[in-house]
Amino acid sequence: MLFAIGDIHGQLAQLEQALARIEAEAGPDARIIFLGDYSDRGPDSKGVLERLSSGLAEGRNWVCLKGNHDRMFHRFVVEGELHDEAIKSGKGWLDRALGGGATLYSYMNPPAIRHPLGGGMEMIASMGVDPVAPDLKAALLEGARAKVPQSHLDFLAARPLWHEEDGCIFVHAGIRPGVPMEDQVEEDLIWIRDGFLEDDTDHGKLIVHGHTALEHATHFGNRLDLDGGAAYGRPLYPAMLGDDGEWTLLTWEGSEPLKPAGSYL
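For the sequence shown, position 21 matches number 28 in the working numbering, and the numbering has no gaps at all.
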């Protein structure tokens with residue numbers, strides 16, 4: 008028996024609920040695979056990263072994969088980079104759509120840092136800012152480097168891109184169909200949609216992923232999408248792979264079978 012949790016996006020309270028639900032089902036030593044995107048958009052990326060990084064340090068039976076938002080956060084703090092070539096719109100990490108401002112707000116709120124329209128970090132978190140003036144970027148970068156613990160940066164840098172277990176391949180975004188796992192590239196594993204989501208071929212193993220937010224976790228036969236949209240206020244439900252090889256979604260009301268129906272359950 009193992010469990011998987013999709014995109015968390017700074018929702019610490021929901022993460023704690025999901026962990027409590029798993030513990031009630033299988034105890035404190037349950038095997039859990041986290042599918043990445045721990046930061047951005049939600050209110051407490053700092054708390055989520057502390058919970059996960061400290062859990063691994065304590066020896067929890069967890070695997071925490073890398074998501075595209077985790078890489079964007081790490082790149083900003085370490086390299087000062089706000090843009091990712093995979094974002095075709097050209098939007099930067101501090102754009103409201105990407106939600107990087109919410110992550111920085113969870114770590115710092117120095118009054119000297121101001122949004123171009125007035126207001127401090129709270130406005131940067133809620134409205135976003137893109138493009139970013141050089142002086143604002145410099146202030147945010149200085150603040151982030153002072154406030155983000157090295158343990159969080161080390162955690163983000165060390166995340167594996169995929170994991171194989173119990174007949175499944177766990178990955179943040181998906182895979183490039185037809186390419187052996189050892190030849191897959193990071194850009195696909197943390198960003199892919201086109202070429203993967205519409206592909207209905209058998210990949211040999213079930214691909215369990217997040218990244219593409221749905222109204223509800225859905226089993227498509229060859230893949231299982233567990234991003235139920237916690238970033239947008241929807242519940243963060245964990246999924247359980249039973250000893251019988253069947254997947255179940257653990258909701259707050261009970262358990263729902265995740266069958267390969269291709270429609271919302």
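Beta carbons are placed, not taken as given, at the ideal position from N, Cα and C, and that holds for glycine.
Check                                                                                                                                                                              : Outcome
For ALA238, which residues in the same chain have their Cβ closer than 7 angstroms to its Cβ, ignoring the five residues on either side in sequence?                               : ASP14, HIS16, ARG48, GLY49 and ALA220
Cutting at 6 angstroms between CB atoms, please list the residues of its own chain near ARG2, excluding the five before and the five after it.                                     : Lying outside 8 to 272, the shown extent of the chain, residue 2 is not represented and no answer is given.
Is the CB-CB distance between LEU248 and LEU9 below 8 angstroms?                                                                                                                   : yes
Within the same chain, show all residues whose beta-carbon is closer than 8 angstroms to that of GLY235, passing over the 5 residues directly before and after it, in chain order. : GLY13, ALA220, LEU221, GLU222, HIS223, ALA224, ARG241, PRO242, LEU243 and TYR244
Secondary structure at ILE94, three-state DSSP: helix, strand or coil?                                                                                                             : coil
Quick one: what's got a C-beta closer than 8 angstroms to ASP207's C-beta in the same chain, skipping five residues either side?                                                   : PHE227, GLY228 and ASN229
Per DSSP, which residues does ARG230 bridge with? Please list them.                                                                                                                : ILE214
Go ahead and pull the three-state DSSP assignment for VAL178.                                                                                                                      : strand
State the DSSP-derived secondary structure class of GLU172, mapped to helix, strand or coil.                                                                                       : strand
From ARG166 to GLY261, what does the alpha carbon distance come to, in whole angstroms?                                                                                            : 31 angstroms
Skipping 5 residues on each side, what residues in its chain have a beta carbon closer than 7 angstroms to that of LEU147?                                                         : LEU111 and ILE120
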